[in-house]
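Shown next, in structure tokens, is the structure this report addresses.
In my numbering, the protein residues as written are 747 to 1240.
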């Protein structure tokens, strides 16, 4: 955030900060466990088998997203709006409608995943695991959307920590036993199932006073209509953000390339996790403002939310790119050194991914949510065409270039649309200043990492960069004491 943030926005920003902080704890725990698991699995299995593991895990998760038919995002929006309007019964009714829909969709998700896996592998055990995984991951996406809408961030954090610890401990035991990649996939499915069961209990407890509520016909129609729009959006997102380049890498470059690219994706995701997860609190808050009819509050808060996310995303992306080469070797070992350049490129691109949350939330809670699907459809076709042209000749680096270029284009276009059609101004000058300061801090970071080498060089270089960046923010006046004071101020409704 930069100097000049209006004082009246402090309450909303404070709520977002505190809600986002719990989300960060939850997802940092999840990301840390996924990162630890990827290291253990990659070092035990090697690049080719790690590629197999990554490919089928990606397939199960992608199909779960596609066959959820937009219901998780619809659930989050409608529950938050009902609660914002003081209608607890309506929120419970929305939850019940979503549950009935997904009871019908679960067999479809599992069946499609199973058929696809059998066609690719002719492996019965793997087919059963991936089919079950798609169904379980679909349910998990519901609760990832629902608990933030209910403002159950603390419970979400606790649940994430518990399932993450379970996953890591189980993975270490399996590595000691020397199991195949199929068992690691099964662990992912079982730990997600534990989270789903606990999430069900938390959601029902949050709305226990509104049991038995039924959604009126107009509400059901609105829910279905919005879910259709979100379905189209998810189809587009599957191309733009769902890592479709993995499919082309598998087809043209083989398991080793998928393993290298998966390592690059995992490392680069670390740069986006803090701002991206913090942004999860944005959509429920924007939906509540829309539900309360507070359009002025939304217009006033939007640029400040963007600054909050950008000030965190900039150093993580730029400094991460500076130490990418050393990071890949230290974390995954020398056999994965071929992923270093792709990792650096994906690190830089993670910045726009991380700051896309406010614009996306503004669109999907606004008067024309289908815009995401409309512009995304064109971009998705462009993405596939570029992947077909580039990946067969340039492999892992080509996949990273296509991924980064399309995402940057899509996010920039979305921000322009939100500014021109909704009057929500993106703080471009402040964001460019943050990127420039992060670039300055990256110079000594890169030099130290290259000079010292190894884990110690990585730690020292990263620490220097992360300490230098906030100093530059204060010295240049990009962040001042008044901004910090407003961040700490709690709203009465927090």
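Don't be surprised by glycine CBs; every beta carbon is placed ideally from N, CA and C.
In this structure, does DSSP put residue i in helix, strand or coil?
i            : result
residue 876  : helix
residue 799  : helix
residue 974  : helix
residue 836  : helix
residue 926  : coil
residue 888  : helix
residue 1270 : The displayed coordinates of the chain run from 747 to 1240. Any statement about residue 1270 would go beyond what the structure contains.
residue 1224 : coil
residue 1032 : helix
residue 942  : helix
residue 1140 : helix
residue 815  : coil
residue 1102 : coil
residue 869  : coil
residue 1001 : helix
residue 792  : helix
residue 965  : helix
residue 1151 : helix
residue 1079 : coil
residue 805  : helix
If I follow the unbroken alpha helix (DSSP H) through residue i, where does it start and stop?
i            : result
residue 1217 : 1200-1221
residue 1055 : 1041-1068
residue 995  : 991-998
residue 1084 : Note, residue 1084: premise wrong, no alpha helix (DSSP H); not H, not E.
residue 1111 : Premise fails: residue 1111 is in no alpha helix (DSSP H) and is neither H nor E.
If distances are taken between C-alpha atoms only, which option among the options comes closest to residue i?
i            : options                : result
residue 1105 : 775, 919, 1056         : 1056
residue 963  : 1047, 799, 836, 1144   : 836
residue 880  : 938, 912, 974, 1123    : 938
residue 791  : 999, 1137, 917         : 917
residue 847  : 1098, 888, 1171        : 888
residue 788  : 777, 800, 779, 1053    : 800
residue 974  : 1078, 793, 1053, 1110  : 1110
residue 1011 : 1086, 1033, 1072       : 1086
residue 1102 : 1215, 1142, 1156       : 1156
residue 1220 : 923, 1180, 920         : 1180
residue 883  : 825, 1187, 942, 1073   : 942
residue 1108 : 850, 928, 1164         : 1164
residue 852  : 873, 1173, 810         : 810
residue 1006 : 1047, 1166, 1143       : 1143
residue 814  : 865, 785, 850, 1013    : 850
residue 1196 : 1075, 854, 796         : 1075
residue 1152 : 1138, 1124, 1162, 1141 : 1124
residue 965  : 1140, 1212, 803, 827   : 827
residue 912  : 812, 779, 977, 876     : 779
residue 1070 : 1045, 1214, 1188       : 1188
residue 1017 : 995, 1043, 1042, 1065  : 1065
residue 1293 : 812, 1216, 876, 1008   : In the structure as shown, the chain starts at 747 and stops at 1240, and residue 1293 therefore has no counterpart that could be examined.
residue 1171 : 1049, 1182, 921        : 1049
Problem - Every unbroken alpha helix (DSSP H) within the region 1169-1199, with a cutoff of 4 residues, ordered by chain - result: Entirely contained in the region 1169-1199, the alpha helix (DSSP H) runs reaching 4 residues are, in chain order, 1174-1198.
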